[in-house]
Every structure is written in structure tokens, then in C-alpha cells.
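With positions in the sequence shown counted from 1, the corresponding number in the numbering used here is that position plus 37.
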Amino acid sequence: MSFQTPDWVKDAVFYQIYPDRFARSQSALHSPGLNFKPWGSPPEEQGFQGGDLLGIVERLDYLQDLGVNALYLNPIFASAANHRYHTYDYMQIDPLLGGNAALRALLDAAHARNMHVILDGVFNHASRGFWAFHHILECGGNSPYIDWFTVHGWPLRPYEHDAENPHNYDAWWNIPALPKFNVANPGVRQYLLDVARYWIDFGIDGWRLDVPEEIDDATFWQAFRATVKAGNPDAYIVGEIWHEAREWLRGDRFDAVMNYVFSRLALGFFGAETLRTDYKPGGYTLVTLDARDLEVGIHHMYSIYAWEVAQVQMNLLDSHDTARTLWTVDGDESALRLVTLFQMTMPGAPCIYYGDEIGMTGATDPFSRGAFPWRDMTVWNQELLQFFQQAISLRRQHAVLRTGAYKTIYAEAGVFGFMRTLGAQHAIVLFNSTRDHQRVDVTLPEGVASPHFSAIWNKGSYSAVNGKLLHVTIPAREAVILLSEST
38 MSFQTPDWVK DAVFYQIYPD RFARSQSALH SPGLNFKPWG SPPEEQGFQG
88 GDLLGIVERL DYLQDLGVNA LYLNPIFASA ANHRYHTYDY MQIDPLLGGN
138 AALRALLDAA HARNMHVILD GVFNHASRGF WAFHHILECG GNSPYIDWFT
188 VHGWPLRPYE HDAENPHNYD AWWNIPALPK FNVANPGVRQ YLLDVARYWI
238 DFGIDGWRLD VPEEIDDATF WQAFRATVKA GNPDAYIVGE IWHEAREWLR
288 GDRFDAVMNY VFSRLALGFF GAETLRTDYK PGGYTLVTLD ARDLEVGIHH
338 MYSIYAWEVA QVQMNLLDSH DTARTLWTVD GDESALRLVT LFQMTMPGAP
388 CIYYGDEIGM TGATDPFSRG AFPWRDMTVW NQELLQFFQQ AISLRRQHAV
438 LRTGAYKTIY AEAGVFGFMR TLGAQHAIVL FNSTRDHQRV DVTLPEGVAS
488 PHFSAIWNKG SYSAVNGKLL HVTIPAREAV ILLSEST
């Protein structure tokens with residue numbers, strides 16, 4: 038099926054923000070007497086540390102200097118959890134985050150800087166405090182909303198339950214705090230579609246969809262796409278799917294998915310020496326890969342989707358649901374640098390998890406959800422931050438690294454290389470994952486005749502032979518990136 042994905046995403050570098058832990062505004066007007074946890078408290082304490090949307094507004098200069106031009110926010114609707122996946126009001130931004138007015142301020146400020154903002158949509162389940170579920174708790178079987186959820190008996194046991202008397206309604210992963218919507222109910226469907234359209238009309242630039250596979254109904258997601266695209270044809274729809282997702286990316290549901298397939302390939306190759314292979318993000322075992330393995334994996338990844346999809350896949354390395362990359366590679370900063378540069382030179386939209394750029398680390402949830410250390414910049418890895426700025430700038434400066442066609446050109450002895458082509462321009466990207474200098478000969482593909490090369494990531498040396506062969510020396514744990522103009 039032929040379809041168009043949003044062009045702006047092809048040029049996007051995303052930054053994922055966990056709102057409670059990113060930045061607390063000095064100007065937010067909170068109700069008096071609130072007791073936030075001290076900023077920087079251990080994330081496993083699970084309290085609220087007071088990050089808010091105006092705090093993000095106040096840090097847009099930082100984000101723009103970093104080079105990102107798109108924001109993905111974890112849930113921001115009213116909720117009784119700091120992660121806000123327990124939604125109780127989908128039409129209100131959580132007052133602790135500043136309410137609807139704060140989102141308006143963020144969207145206006147971001148759009149003025151040509152930055153896009155997408156929100157996290159949690160439509161499979163709500164919370165025990167959601168108004169329709171609360172109505173059932175108060176009215177029992179007399180509630181008109183009884184079929185909005187799937188109830189198995191009375192009285193409901195949302196709070197008082199045990200092994201012999203478990204909760205008695207469908208809940209996500211059998212977590213009583215997360216009653217599952219009955220999306221087959223036409224009222225539920227219309228409500229969720231109304232929510233999706235309301236915030237598109239409000240001005241958001243798209244939706245990241247939480248656990249969409251749990252809503253096993255293609256017609257719902259087809260209606261969701263039609264509703265969102267009717268409001269804004271350029272809205273981005275990206276689903277949280279941890280594996281290949283061919284049936285979801287045929288033009289009738291999503292534009293893209295969170296590309297955890299990409300992250301596993303990248304970490305497996307560039308982090309092979311230090312990878313925590315006993316760690317299973319999303320239930321998948323991380324495995325070490327050599328260059329040939331990476332070649333096969335990348336080829337397969339791009340062969341199963343239309344090029345329109347490949348260009349807008351959300352290429353992430355970590356997220357709120359995983360350990361941070363630096364932890365996953367056991368503190369190996371060289372691996373973090375390599376996978377980040379790989380991320381910035383490959384097809385797809387890179388997504389940085391907040392704080393990775395300054396060296397934040399932590400095991401999986403909740404340890405990956407620490408507060409950004411604005412108040413103590415002495416803990417920032419300034420050299421790493423500069424690296425991120427340079428790698429992002431490289432992508433932003435050269436369209437061939439964003440939308441150029443892809444071809445693997447070298448894969449052996451710990452060295453992996455590919456070429457991106459856009460019109461007459463070619464970029465040669467070579468990575469050395471080993472601890473030794475590597476000297477390689479790269480035969481240029483057909484159609485790339487006698488180009489003139491210049492280094493745009495000058496970390497090695499190179500020379501051309503007869504216009505068809507490159508001799509390249511790549512330092513240990515580094516990359517060489519060359520740009521050419523064919524005549």
C-alpha cells in the first residue's frame with residue numbers, strides 16, 4: 038500500500054522527556070502546601086519530584102543548543118502516578134504539571150522554535166480513578182457505563198483483594214490499578230477517538246501509543262488514524278511495539294513504531310565487549326553481534342517496510358521502559374558514543390532519552406527515571422554533551438544522512454560501513470568497533486564514479502584509488518565519515 042508519512046519526522050531528532058523528572062519550573066503556580074520529594078531523590082521512592090511543563094519551556098534553550106527539534110513526552114494527563122500511565126482524566130493536563138495552560142505555553146514556545154511535540158496516548162487502560170470506572174464503583178450494575186469495562190463479578194474488588202479473592206475485572210497485566218477498557222463498546226471507542234482529536238486540535242503534533250497490541254482490533258486503529266489525520270495530515274502516529282510490526286505499518290494504522298529492533302542490533306554490535314547479556318529489555322535477550330550479523334539484521338530490518346516507513350521509524354537506544362544505555366554497556370562510554378553516532382547517521386528519526394547526553398545512567402525502571410541534575414552541573418559529563426551536540430549537528434547539517442538511500446558497503450573484522458545517497462551526493466560512513474586501528478579497503482558501489490571526498494567526521498585518514506577504491510584507516514572505537522559530490 039502506497040502512503041505518505043510526515044516529512045517533518047524525516048528531519049527530526051527527538052528528545053524523550055519523563056515530565057516529573059526533567060525540570061521543575063520556578064514560575065509554576067501550584068496550590069500551596071504541596072509536598073514534593075526533594076529534587077534528585079532516589080527514583081525508586083516513586084514519589085513526585087515536581088517536574089512540570091513550564092520547566093520544559095524554561096529549558097528549550099538547552100534543548101535547542103543540543104540540537105533536538107522534536108519532543109516526545111511521557112503521559113501528561115491527570116493521574117495518581119508519577120509516570121502518569123494511570124490516567125483518570127484524559128481531557129485535563131495534570132495540575133501538578135501546570136494544567137492545560139502549561140501545555141498551551143509549551144506548544145506555543147516549541148512551535149515558535151520550529152520544534153514539534155508528540156504526546157503519549159494510553160488508550161488500552163485507565164485507572165481506578167477514571168470517571169467511568171468510578172461511576173461503576175459507586176453504582177454497581179446500575180451504572181450506564183458498566184460495559185465500558187469487563188466486570189466478572191460483584192462486589193468489585195479494586196483495592197481489597199488477595200490470592201483467594203482477586204480483583205474481578207479485566208486489567209492490564211492483571212494489575213488492579215489499571216482497569217482495561219472494553220474497546221468493543223461504541224461509547225468507549227468514540228470517547229477515545231474524541232480524546233485523540235481534541236489534543237490534535239489543541240495543537241500537538243502526534244501521538245506515541247502505549248501498548249497498542251493490547252487493543253487487538255484493527256478497525257479501532259484504522260479509525261484512530263483517520264481521526265488524527267483528518268485533524269492534521271502531518272501528525273505523527275508511532276506505536277510502542279517491541280518487535281517487527283509489518284501489519285501495523287501498511288498505511289492504515291501507524292506511521293512508525295518505536296524501533297527496539299534497531300536498538301538491539303546497535304547495542305549488540307557496538308556494545309559487544311561490555312554488553313550486559315543477562316539483561317532482557319522487553320523480554321528479549323541482548324546478544325553480541327559481529328559485523329556480518331549486523332549486516333544481516335539491518336538488511337532484514339529495512340527489507341520488511343516501505344521506504345516511507347523506514348525514514349520515520351523512531352530509532353531509540355533506551356527509554357523509560359529500559360535501562361539506560363550507559364548501564365546496559367556497563368559504563369563503556371565509547372560504546373555509548375558509537376551507538377549514538379550510528380543512530381545519527383542511519384535512516385529513521387533518532388530519539389534521545391533525557392539525560393543520556395550528560396552521562397546519566399541507571400538500571401531498568403524505576404532506576405532509569407532519575408531527576409535531571411540541573412542543580413549540580415559538576416556531575417555532567419561535558420565532553421559527552423559536546424559529543425552529542427556534534428553528532429546531532431552532523432545529522433542536521435547534511436540531508437543525505439537524514440533521507441538518503443541506504444546501502445551496506447563493508448562488514449567484517451569488527452568494521453561496519455554503509456553509504457547514504459541523496460541525488461548526486463554520497464556519504465560513506467565507516468565504524469570501527471574494535472580496540473585497535475583498522476585499515477580497510479572499500480570498493481565503491483556501481484554508479485559512484487570518481488567522486489571527490491571530504492571528511493565531515495575527521496577521525497581517521499583515507500585516500501581514493503582510481504575513483505573506485507578507498508583506503509581508510511579508522512582509529513580504535515571511532516568512525517570515519519566522508520562526503521562526496523559526483524560529477
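C-beta: ideal position from N, C-alpha, C; glycine also.
Enumerate in chain order the residues of its own chain whose CB-to-CB distance from residue i is below 6 Å, with the five nearest sequence positions on each side excluded.
i	result
residue 493	518 and 520
residue 238	268
residue 337	none
residue 449	328
residue 142	94
residue 139	90 and 91
residue 158	244 and 246
residue 307	372, 375, 376 and 470
residue 475	452, 469 and 511
residue 490	519 and 521
Is it buried or exposed for residue i, if we count other Cβ within 10 angstroms and need 16 for buried?
i	result
residue 495	exposed
residue 98	exposed
residue 506	exposed
residue 408	buried
residue 149	exposed
residue 128	exposed
residue 472	exposed
residue 179	exposed
residue 434	exposed
residue 259	exposed
residue 4	Shown here, the chain extends from 38 to 524; a query on residue 4 therefore has no answer.
residue 262	buried
residue 40	exposed
residue 296	buried
residue 374	buried
residue 83	exposed
residue 255	exposed
residue 135	buried
residue 416	exposed
residue 412	exposed
residue 355	buried
residue 68	exposed
residue 504	exposed
residue 196	exposed
Could you tell me which residues DSSP puts in a beta bridge with residue i?
i	result
residue 433	According to DSSP, which records beta bridges pairwise, residue 433 is partnered with nothing at all.
residue 150	None, per the DSSP bridge assignment.
residue 521	463 and 490
residue 79	According to DSSP, residue 79 bridges with nothing at all.
residue 498	510
residue 162	217
residue 475	511
residue 130	114
residue 457	443 and 464
residue 390	53
residue 155	109
residue 469	452 and 515
residue 208	216
residue 124	116
residue 188	206
residue 480	506
Just to check my reading of the structure: residue i and residue j have Cβ atoms closer than 8 Å, yes? What is that Cβ distance to the nearest angstrom?
i	j	result
residue 447	residue 479	5 Å
residue 396	residue 352	The pair is not a contact, with the Cβ atoms about 21 Å apart (cut-off 8 Å).
residue 287	residue 323	Actually they do not touch by this definition, with Cβ atoms about 29 Å apart.
residue 111	residue 357	6 Å
residue 516	residue 485	Residue 516 to residue 485, Cβ: 19 Å. No contact.
residue 88	residue 114	Not really, about 15 Å apart at Cβ, beyond 8 Å.
Might you give, ordered along the chain, the residues of its own chain that have their beta carbon closer than 7 Å to the beta carbon of residue i, omitting 5 neighbours on each side?
i	result
residue 257	220 and 226
residue 271	43 and 45
residue 502	508
residue 100	52
residue 421	370, 394, 395 and 396
residue 185	169, 218, 219, 222, 224 and 225
residue 331	302, 306, 448 and 453
residue 364	398, 399 and 400
residue 266	272
Using a Cβ-Cβ cutoff of less than 8 Å, which residues in the same chain neighbour residue i once the five nearest sequence positions on both sides are dropped?
i	result
residue 282	276, 291 and 294
residue 381	50, 387, 428, 429, 431, 432 and 438
residue 13	Given a span of 38 to 524 for the chain in the structure shown, any question on residue 13 remains unanswerable.
residue 146	94 and 97
residue 235	128
Length-filtered (4 minimum) alpha helix (DSSP H) runs lying within the stretch 38-118: 44-47, 56-59, 90-95 and 97-103
Sequence ranges, alpha helix (DSSP H) only - wholly within the stretch 283-354, length at least 4: 297-307, 328-340 and 344-347
Which runs of the beta strand (DSSP E), 3 residues or longer, sit entirely within the stretch 212-278? 243-246 and 273-276
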